[in-house]
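Following: one structure in structure tokens, then a few remarks.
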Amino acid sequence: MTHSLHPLTIGIAWCLAWGEGREPQFDLSILQQMREALRQGKDVPDTEALKCLLQTVRQLQEISQDYFPDKITDLQDNYANLWEQTTRIGLVYGGATKIKGYVFESAKLPEIRGASALLDRINLIDLPAFFKCEELPEDFPECYRARQYCQKVRRELKHKDKTLHPLWDALIPELVIYSTGANILAFCPTAFVPDLVNLIEKRYTEETLTANSCAVGESFRLLELRFGLLDHPIEQTKWLDWYLQDKKRQTSPITTAYFGQLKNGKNWKELFKNRKNFNEITGKLAALFQQRRNGNNIPDSQRPSRRYPPMFETHPYLLRDDVEHRLAIAPGSRLPDEPWFSDALARKRIVGQRTKGEGSRSQKWWTKNSDWKWQFGQVKTLWNSGYLESWVVKFRRFIEKSHYRYRYYQDISKQKIGEARSLTEIGNAGNGFVGYIYADGNNIGGYIQKELKTPQDCRRFSRDIFTATEESVYHALGQHLNPHQLNGLTGENRHRNGAIIYPFEILTIGGDDVMLIVPADKALAIAKTIGEEFERILLEGEKIQGRDDYGITDSDIISRSQDCHRYQGKISVTPSRCKLSMSTGVLITAYQTPIYYAENLTNQLLKSAKKKAKQLKKDYGYHGGTVDFLTLKSVTMISSNIESFRQEGLTKQEQDKSKPTLKLYGAPYTLHELGGLIKTGEKLKQSEFPRSQLYQIRSLLERGKSTTMLNYRYFRVRLQPEQQKLLKDYFEEAWCKAITNDGNLAPWMFDRDSMIANLIVLILLETFTPELFRLQYSLLNLLKKSTYYTIWRELIELYPFIEVQPESVSQTTTMISNS
15 MTHSLHPLTI GIAWCLAWGE GREPQFDLSI LQQMREALRQ GKDVPDTEAL
65 KCLLQTVRQL QEISQDYFPD KITDLQDNYA NLWEQTTRIG LVYGGATKIK
115 GYVFESAKLP EIRGASALLD RINLIDLPAF FKCEELPEDF PECYRARQYC
165 QKVRRELKHK DKTLHPLWDA LIPELVIYST GANILAFCPT AFVPDLVNLI
215 EKRYTEETLT ANSCAVGESF RLLELRFGLL DHPIEQTKWL DWYLQDKKRQ
265 TSPITTAYFG QLKNGKNWKE LFKNRKNFNE ITGKLAALFQ QRRNGNNIPD
315 SQRPSRRYPP MFETHPYLLR DDVEHRLAIA PGSRLPDEPW FSDALARKRI
365 VGQRTKGEGS RSQKWWTKNS DWKWQFGQVK TLWNSGYLES WVVKFRRFIE
415 KSHYRYRYYQ DISKQKIGEA RSLTEIGNAG NGFVGYIYAD GNNIGGYIQK
465 ELKTPQDCRR FSRDIFTATE ESVYHALGQH LNPHQLNGLT GENRHRNGAI
515 IYPFEILTIG GDDVMLIVPA DKALAIAKTI GEEFERILLE GEKIQGRDDY
565 GITDSDIISR SQDCHRYQGK ISVTPSRCKL SMSTGVLITA YQTPIYYAEN
615 LTNQLLKSAK KKAKQLKKDY GYHGGTVDFL TLKSVTMISS NIESFRQEGL
665 TKQEQDKSKP TLKLYGAPYT LHELGGLIKT GEKLKQSEFP RSQLYQIRSL
715 LERGKSTTML NYRYFRVRLQ PEQQKLLKDY FEEAWCKAIT NDGNLAPWMF
765 DRDSMIANLI VLILLETFTP ELFRLQYSLL NLLKKSTYYT IWRELIELYP
815 FIEVQPESVS QTTTMISNS
């Protein structure tokens with residue numbers, strides 16, 4: 015009796031036992047018995063050669079993470095069996111590329127929804143189906159729910175190409191390292207690497223017709239899975255002792271670029287060790303992937319080049335679709351306006367309809383028209399859209415198992431709730447405005463390079479990130495939204511009045527990426543909760559499993575990271591304790607705004623937020639999330655990019671260089687600052703500050719710091735005492751404190767870059783001497799040249815989307831969230 019092995023260990027053993035040929039070196043039944051025995055922790059079949067192979071695999075897995083030889087010959091002496099094992103193991107990496115170009119090719123939500131769902135199906139179900147992943151429900155729940163479809167995928171592929179029959183016997187679910195985002199990484203018997211990578215690329219083309227994809231593969235020796243790339247013959251590998259012989263070799267630009275620079279007290283041996291592991295192998299595959307994606311031929315490769323995209327027949331006198339002007343096949347005769355579709359566009363539309371649960375009547379334009387049928391041999395058949403499961407179905411499954419269930423549904427029967435079919439319906443829940451949210455992980459690439467050193471690490475990390483990303487979205491939607499009953503719809507949507515919907519649209523959740531559309535008044539709160547829940551889920555997950563993978567243990571970094579927040583209000587600061595986080599771009603706009611335009615702006619906001627996160631990490635050791643947002647009241651508000659708009663339209667630099675620079679915006683924000691901004695907005699609305707005066711103060715911001723401060727104080731003292739106290743506590747004291755005295759600069763606040771200069775001035779004033787007068791005078795002039803921010807303008811823009819909640823409701827929500 016033995017202990018059951020990690021699935022990837024079973025996969026490695028399977029590849030070694032299969033060998034390097036297209037036929038296994040042991041009888042297939044013996045291999046299957048071996049696999050089942052290893053899964054259940056039982057003795058393997060009584061075959062001496064097979065037991066030797068398993069002993070070699072166990073020896074590889076038992077090598078300590080701390081072991082790293084100084085010389086390559088030490089490896090030969092200590093692990094002779096591994097050294098002599100020459101059977102190579104295949105490794106395959108592939109997936110979709112240029113995803114946004116495919117998903118947002120059309121400007122209409124049904125096609126965007128369908129394109130995203132189609133790629134999700136291929137990524138999460140079709141490719142794992144090659145490996146029979148439905149047999150491992152705990153690791154591949156998506157495949158398990160679609161197990162009949164997975165079996166159908168393999169049957170169809172077997173029927174199309176009978177030369178690949180041995181491939182389906184060679185693939186087992188334990189070979190898959192991960193297949194959770196837009197990519198798959200998996201082991202494979204060496205002989206089938208070319209077939210498998212071609213099948214991956216072919217699957218995307220057959221199903222989507224136009225989506226770009228790429229897949230590459232390579233074979234490696236067993237020792238390389240633990241110690242990175244090795245030369246052939248292995249004795250010629252340039253190892254640590256070779257680099258240490260000559261200082262120039264360690265400081266060469268090529269060496270520095272490959273292994274990194276010495277810093278933070280590390281020695282060169284540690285740099286070398288951190289590079290020579292499984293991560294070096296995946297890095298080689300990534301380089302081959304990029305090379306093939308760019309259309310370059312890989313040397314000594316028999317595979318066809320990818321330089322030529324899919325080509326579609328055209329004709330000057332035939333109808334085309336409205337998106338990429340591809341040749342149209344037939345009209346959607348039962349759809350509004352009867353648009354003409356190309357085959358690629360029609361597939362997006364039908365998948366979009368199916369994921370929204372629209373009935374068969376709405377799909378008759380596709381199923382009842384023979385023009386959509388494809389010729390397979392002697393038979394014409396419709397393209398099968400396959401197994402589809404919308405994100406709303408997954409969200410509903412999550413809610414059923416969570417503590418949000420009763421609060422979310424309240425007295426509404428869940429059977430009566432449908433999915434939002436258009437932006438009009440989502441906007442109906444937000445007074446005609448929607449919020450686009452685009453979130454992406456921070457520090458992911460650096461973490462992969464430094465921390466993931468084995469295939470098991472890659473598998474665990476991929477599943478952890480996917481789970482944290484997906485569940486953080488569900489937590490945020492469960493906390494801040496409720497089912498909405500449509501009302502006031504007109505035109506072609508009026509028949510939907512009275513319907514109850516889930517008021518959101520999840521475009522995609524892949525890896526560490528999130529794209530969704532929600533009602534405008536909840537967009538910032540949802541973005542904040544996604545970032546917080548992402549970190550919490552990762553930290554709680556490692557505690558449950560008894561690991562320490564994502565938590566920050568340096569107390570100095572934790573303490574110092576709290577200093578970066580500009581908000582100093584009554585919301586206590588929760589220090590950043592997770593190495594990984596999320597940055598988010600949020601665009602609040604009218605539901606009529608074209609999606610391609612909104613997506614472009616949201617992407618710019620995300621880049622701005624990530625830039626802020628990178629700067630805060632460098633200056634303060636802050637590892638938490640950041641959010642940048644923009645409220646767009648009209649489509650023509652921004653004619654260029656957001657950065658130029660802020661520099662040219664919202665930044666005021668006086669002709670007199672001694673006067674300060676004024677920035678009429680405060681974004682991007684940390685998650686703590688965003689929480690403070692939302693709280694300040696609620697209190698501002700609660701203070702009943704006259705709307706006309708709010709806008710008047712905003713118009714005065716451009717007239718200079720002193721003018722704005724004077725007018726703000728004039729308007730503020732005219733309020734009732736209790737209203738003045740709200741503004742003082744939640745705006746002035748929280749955001750606008752002066753550094754050199756106990757007053758405040760409302761509605762302005764110092765730019766963080768100028769605070770150091772201000773502190774120096776303060777110190778010199780405390781120790782005034784005639785000798786320092788000239789230096790003090792220069793520093794005071796520097797103070798005048800400082801930069802000042804204001805959040806007033808953003809508060810006013812958010813004012814229509816702020817809902818004042820009673821304290822009791824807010825406290826109840828907090829209690830539910832913490833339970």
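The working numbering numbers the first residue of the sequence shown as 15 and each following residue consecutively.
Every residue gets a Cβ at the ideal spot worked out from N, C-alpha and C, and that includes glycine.
All figures in this text were calculated on a predicted structure; none of them were measured in a lab.
For residue 541, which residues from the same chain have a beta carbon less than 6 Å from its beta carbon, with the 5 sequence-adjacent residues on both sides left out? Closer than 6 Å at the Cβ level, and outside the excluded window around residue 541, lie 451, 598, 600 and 641.
Note down, in chain order, each residue of its chain lying with its Cβ closer than 7 Å to the Cβ of residue 330, except the 5 sequence neighbours on either side. If we look at residue 330 and ignore the five residues flanking it on each side, it has no Cβ neighbours.
Taking 8 Å as the cut-off, does the segment 799–811 touch the segment 677–697 (at least 3 CB pairs, one atom from each stretch)? With contact defined as three or more Cβ pairs closer than 8 Å, the segment 677–697 and the segment 799–811 are in contact.
What does the Cβ neighbour count give for residue 31, buried or exposed, with the cut at 16 atoms within 10 Å? With at least 16 other beta carbons inside 10 angstroms of its own, residue 31 counts as buried.
Close Cβ partners of residue 835 (< 6 Å) along its chain, the five nearest in sequence each way excluded: Residue 835 is absent from the model: the chain starts at 15 and stops at 833.
For residue 100, which option in 443, 191, 33 and 585 has the closest C-alpha, if you only look at C-alpha atoms? Selected option, being the one with the closest Cα: 33.
Environment of residue 498 [buried if 16+ CB atoms lie within 10 Å]: Its Cβ being crowded by 16 or more others within 10 Å, residue 498 is buried.
Can you tell me whether residue 478 is buried or exposed, with buried defined as 16 or more other CB within 10 angstroms of its CB? Classification of residue 478: buried, given that the 10 Å Cβ count is 16 or more.
May I ask you to report which of helix, strand or coil DSSP gives residue 167? Residue state, collapsed to three classes: helix.
Pairs of beta-carbons, one from the segment 399–408 and one from the segment 147–164, closer than 8 Å: are there three or more? At 8 Å Cβ cutoff, the stretches touch.
Going along the chain, which residues of its own chain have a beta-carbon closer than 8 Å to the beta-carbon of residue 685, five neighbours each way excluded? Within the same chain, residue 685 has close Cβ partners 542, 545, 546, 638, 639, 640 and 641.
Can you tell me whether DSSP reads residue 253 as helix, strand or coil? DSSP places residue 253 in coil when its eight states are reduced to three.
Which residue spans inside the segment 106–150 form an unbroken beta strand (DSSP E) run of at least 3? Complete beta strand (DSSP E) runs here, min 3: none at all.
Residue 365, enclosing alpha helix (DSSP H) - first and last residue: In the DSSP assignment, residue 365 falls within the unbroken alpha helix (DSSP H) covering 357–369.
How about residue 439 and residue 515: are their beta carbons less than 7 Å apart? Cβ atoms of residue 439 and residue 515: closer than 7 Å.
Pick helix, strand or coil for residue 206, following the three-state DSSP scheme. DSSP places residue 206 in helix when its eight states are reduced to three.
Quick one: residues in its chain with C-beta nearer than 8 Å to the C-beta of residue 69, no 5 flanking neighbours on either side, listed in chain order? The answer, listed in chain order, is 95.
Check the DSSP bridge columns for residue 596 and list the partner residues they point to. Residue 596 is bridged to 455.
Between which two residues does the beta strand (DSSP E) holding residue 440 run? Boundaries around residue 440 are those of the alpha helix (DSSP H), 437–442, since no beta strand (DSSP E) includes it.
In this structure, does DSSP put residue 34 in helix, strand or coil? In this structure, residue 34 counts as coil in the three-state DSSP scheme.
Under 8 Å Cβ to Cβ from residue 784, same chain only, skipping five residues before and after it: list those, please. Confidence at residue 784 is low in this model, with a pLDDT of 49, below 50, so its placement is unreliable and the value that follows should be read with caution. There are no such residues.
Same chain only: Cβ atoms within 8 Å of residue 758, ignoring 5 sequence neighbours per side: Hits under 8 Å: 746, 747, 750, 751 and 752.
Length-filtered (4 minimum) alpha helix (DSSP H) runs lying within the segment 266–319: You should have 267–273, 282–289 and 292–307.
Does the Cβ of residue 517 have 16 or more other Cβ atoms within 10 Å, making it buried, or fewer, making it exposed? Counting other Cβ atoms within 10 Å of its Cβ, residue 517 reaches 16 or more and is therefore classed as buried.
Let me know if residue 291 comes out buried or exposed under the rule of 16 or more other beta-carbons within 10 Å of its beta-carbon. Result: buried.
Could you pull out every residue in the same chain whose Cβ sits closer than 6 Å to the Cβ of residue 310, ignoring the five residues on either side in sequence? Apart from sequence neighbours up to five positions away, no residue of its chain approaches residue 310 with a beta-carbon distance below 6 Å.
Measuring CB to CB, does residue 362 end up less than 7 Å from residue 524? In this structure, residue 524 does not lie closer than 7 Å to residue 362 by Cβ.
Is it buried or exposed, residue 197, if we count other Cβ atoms within 10 angstroms and call 16 or more buried? It counts as buried.
Could you compute how far the alpha carbon of residue 703 sits from the alpha carbon of residue 733? Between residue 703 and residue 733, the C-alpha separation is close to 7 Å.
Please classify residue 442 as buried or exposed, where buried requires at least 16 other C-beta atoms within 10 Å of its C-beta. Classification for residue 442: buried.
Cα-Cα separation, residue 110 to residue 645: Approximately 32 Å, taken between the alpha carbons.
Report the CB separation of residue 303 from residue 202 in whole angstroms; it is logged as a contact under 8 Å. Contact check for residue 303 and residue 202: beta-carbon distance about 16 Å, past the 8 Å limit, so the pair fails to qualify.
Hey, out of 472, 620 and 537, whose CA is closest to residue 493's CA? Distances from the CA of residue 493 to each of 472, 620 and 537 were compared; the closest alpha carbon is that of 537.
Do you know offhand how far residue 246's Cα is from residue 24's? The straight-line gap separating the alpha-carbon atoms of residue 246 and residue 24 is approximately 26 Å.
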